[in-house]
Amino acid sequence: MLLFIVMTSTAILFIPGLTAVTAKQNAWLVSLGAGISSFGILIISAKLAQRFPGLTIAEYLPLIVGKIGGRVLAVSYILFFTVLNILVVRETSEFLTVSALIGTPGIPINLVFVLICWYSAQKGIEVIARMNQFILPLFLFAYLMACILAIPKADPSSLLPILEDGISPVIQNIWIPVQWYGEIAVLLMLIPLMNKPQEVLRKASYAVISAMLLLTFGSLVVLTVLGADVAGQMIFPIWFTAKTIEYGNYIQRVELLALPLWLTGIMVKSSLLFYVTILAVKQSVSRKYPKLIAASVMVIVFSGATFLVPNTMALLEFLTTYWPSVSLLFEVILPLLLLAITLIRKKKGGCMQ
Numbered sequence: 580m581l582l583f584i585v586m587t588s589t590a591i592l593f594i595p596g597l598t599a600v601t602a603k604q605n606a607w608l609v610s611l612g613a614g615i616s617s618f619g620i621l622i623i624s625a626k627l628a629q630r631f632p633g634l635t636i637a638e639y640l641p642l643i644v645g646k647i648g649g650r651v652l653a654v655s656y657i658l659f660f661t662v663l664n665i666l667v668v669r670e671t672s673e674f675l676t677v678s679a680l681i682g683t684p685g686i687p688i689n690l691v692f693v694l695i696c697w698y699s700a701q702k703g704i705e706v707i708a709r710m711n712q713f714i715l716p717l718f719l720f721a722y723l724m725a726c727i728l729a730i731p732k733a734d735p736s737s738l739l740p741i742l743e744d745g746i747s748p749v750i751q752n753i754w755i756p757v758q759w760y761g762e763i764a765v766l767l768m769l770i771p772l773m774n775k776p777q778e779v780l781r782k783a784s785y786a787v788i789s790a791m792l793l794l795t796f797g798s799l800v801v802l803t804v805l806g807a808d809v810a811g812q813m814i815f816p817i818w819f820t821a822k823t824i825e826y827g828n829y830i831q832r833v834e835l836l837a838l839p840l841w842l843t844g845i846m847v848k849s850s851l852l853f854y855v856t857i858l859a860v861k862q863s864v865s866r867k868y869p870k871l872i873a874a875s876v877m878v879i880v881f882s883g884a885t886f887l888v889p890n891t892m893a894l895l896e897f898l899t900t901y902w903p904s905v906s907l908l909f910e911v912i913l914p915l916l917l918l919a920i921t922l923i924r925k926k927k928g929g930c931m932q
């Protein structure tokens with residue numbers, strides 16, 4: 580279930596607020612629609628893997644578009660995975676400075692987070708997977724606990740009227756959460772590492788369905804507890820929803836109990852992104868000096884997370900204005916074009932015919 584935590588760990592923080600800005604009380608439909616559309620990304624990734632068994636996208640790109648074109652596209656994917664990890668680290672530090680570590684500079688937060696995730700990636704995919712097996716139940720427990728305990732404060736009338744302005748606002752906003760669902764495209768690097776790659780479509784479908792239900796449920800809770808207008812004005816509405824939980828003098832500050840469990844889920848995601856980035860560099864650029872490659876990736880991610888985005892508002896603008904288009908290119912358009920080329924040329928099994 581690595582794919583599940585890749586899709587949900589940061590999405591739970593941003594999707595309810597970003598979609599509520601324009602979709603208002605229909606934001607939960609945006610999350611649902613984005614989840615359904617992400618099945619297309621999954622199918623494309625699985626079909627590509629079936630035509631090149633045992634190879635990652637970094638390895639079969641030269642077989643599809645030639646050596647030079649393959650190298651260019653492989654480097655482009657390396658940059659995509661790197662920037663994605665930069666965003667994950669920066670999103671985490673922004674969340675921590677708003678929630679628990681108010682006033683703490685981002686540099687030490689980024690440094691500690693990057694070092695932990697980079698070290699985990701160095702231990703290999705099996706260690707990351709084992710870590711995920713332990714963390715995922717805790718991550719789910721923390722998130723569901725926060726949502727369920729907030730339900731008594733929910734006002735279902737906040738979801739009305741449904742589709743007041745038609746389906747158009749929902750469709751127009753789907754591309755925002757799709758960037759998180761579309762991160763399932765890391766399968767392009769992971770399928771050859773699976774024990775039973777032939778079952779990837781079925782198993783990954785479970786992850787997509789679970790993520791869609793979880794994120795839609797979270798959006799429903801946020802909208803009914805805070806209301807669409809308030810949720811749209813908040814950076815991390817799920818955090819403030821959890822802060823509203825209070826049962827007498829016995830159950831309070833639930834969000835502080837959930838925080839470390841949410842954080843560990845994000846660490847798994849960042850560790851996996853470090854791993855696939857370093858692996859892609861080794862497979863497409865150079866296998867020499869692996870330690871230098873790994874260290875370079877770490878420095879780039881830390882520097883990018885610390886200095887590229889000046890403040891929280893700039894981060895939100897990037898996530899809603901620019902990054903969805905970039906994600907669409909690497910998660911949907913390029914894989915679809917690659918699959919189309921392989922079908923036209925009738926390539927199979929990673930060999931030119």
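Letter by letter, the sequence shown follows residues 580 to 932 in my numbering. Using N, Cα and C, we set each Cβ at its ideal position, and we do this for glycine too. Everything numeric in this text was worked out from a predicted model, so none of it was measured.
Using 10 angstroms around the beta-carbon of residue i, count the other beta-carbons present and answer buried if the total reaches 16, otherwise exposed.
| i | result |
| --- | --- |
| L851 | buried |
| E910 | buried |
| A893 | exposed |
| R832 | exposed |
| V880 | buried |
| V585 | buried |
| Q604 | buried |
| Y564 | The shown model of the chain, from 580 to 932, leaves out residue 564, and the question about it has no answer. |
| Y901 | exposed |
| E705 | exposed |
| V609 | buried |
| M931 | Low confidence applies here, because M931 scores a pLDDT of 46, under 50, leaving its location unreliable and the question unanswered by this model. |
| G928 | With a pLDDT of 49 at G928, under the threshold of 50, the predicted position of this residue should be treated as unreliable, though the coordinate-derived value follows. So G928 ends up on the exposed side. |
| V888 | buried |
| N774 | exposed |
| E778 | exposed |
| Y868 | exposed |
| L739 | exposed |
| S747 | exposed |
Do residue i and residue j have their C-beta atoms closer together than 8 Å?
| i | j | result |
| --- | --- | --- |
| P735 | P595 | no |
| S849 | V668 | yes |
| G682 | S672 | no |
| A859 | F660 | yes |
| S863 | R630 | no |
| I615 | M768 | no |
| V847 | N711 | yes |
| L840 | L717 | yes |
| V876 | F897 | no |
| S882 | G761 | no |
| P903 | V757 | yes |
| L918 | I623 | yes |
| G844 | I714 | yes |
| S737 | A807 | yes |
When you compare each of the options to residue i by their alpha carbons, which one comes out closest?
| i | options | result |
| --- | --- | --- |
| A873 | V662, M586, K861, M724 | K861 |
| M813 | I657, I912, F674 | F674 |
| A590 | F881, P914, L842 | L842 |
| A679 | F819, F897, L738, I657 | F819 |
| W607 | L802, I845, L913 | L802 |
| C726 | L772, I643, T823 | T823 |
| Q827 | K870, L728, V749, A733 | The sequence shown places Gly at residue 827, not Gln. That would be L728, whose Cα lies nearest to the Cα of G827. |
| E670 | I688, L658, A653 | I688 |
| W697 | I665, K925, P903 | I665 |
| T921 | A625, I643, F618, S624 | I643 |
| L805 | I647, T856, P731, I657 | P731 |
| I707 | A884, V855, R866 | V855 |
| G633 | P776, F886, V677 | P776 |
| Y722 | F886, L835, A653 | L835 |
| L690 | I923, L908, T885 | T885 |
| L543 | L908, V677, R924, D744 | This structure cannot speak to residue 543, because the chain is shown only from 580 to 932. |
Kindly list the residues whose CB is nearer than 8 Å to the CB of residue i, restricted to its own chain and excluding five residues on each side of it in sequence; keep chain order.
| i | result |
| --- | --- |
| L621 | I763, L766, L780, A783, S784, V787 |
| V749 | A602, N605, L608, V609, G612, L742 |
| N890 | none |
| F692 | V668, T671, S672, M846, S849 |
| T865 | One detail in the question is off: residue 865 reads as Ser in this sequence, not Thr. Around S865: I872. |
CB-CB under 6 Å to residue i, same chain, minus the five flanking residues each way: which ones, in chain order?
| i | result |
| --- | --- |
| F593 | none |
| F583 | A786, S789, A790 |
| A628 | I770 |
| R709 | none |
Any Cβ of chain B within less than 8 Å of the Cβ of residue i?
| i | result |
| --- | --- |
| G619 | Of the chains in the structure shown, none is chain B; there is only one protein chain. |
Got a sec? Which residues, its chain only, sit under 7 Å from residue i by beta carbon, not counting five neighbours each side?
| i | result |
| --- | --- |
| T899 | L597, I755 |
| T587 | A790, L793, L794 |
| L799 | W607 |
| A810 | P595, G596, A599, V801, L802, P816 |
| I857 | A700, I872, A873, V876 |
| E825 | Q831 |
| I695 | M846 |
| L772 | I704 |
With a threshold of 7 Å (Cβ to nearest heavy atom), would residue i be considered close to the ligand MN?
| i | result |
| --- | --- |
| F853 | For the structure depicted, the ligand MN is absent and the ligand set is empty, with no information on it obtainable. |
Quiz prompt | Every unbroken alpha helix (DSSP H) within the stretch 794-871, with a cutoff of 4 residues, ordered by chain | solution = 807-812, 816-822, 833-863
Quiz item: Which ranges would you report for the beta strand (DSSP E) in the stretch 657-701 if only whole runs of at least 3 residues count?
Solution: none
Self-check item: Contained alpha helix (DSSP H) runs [length at least 4] in the stretch 582-611, N- to C-terminal order
Solution: 590-602
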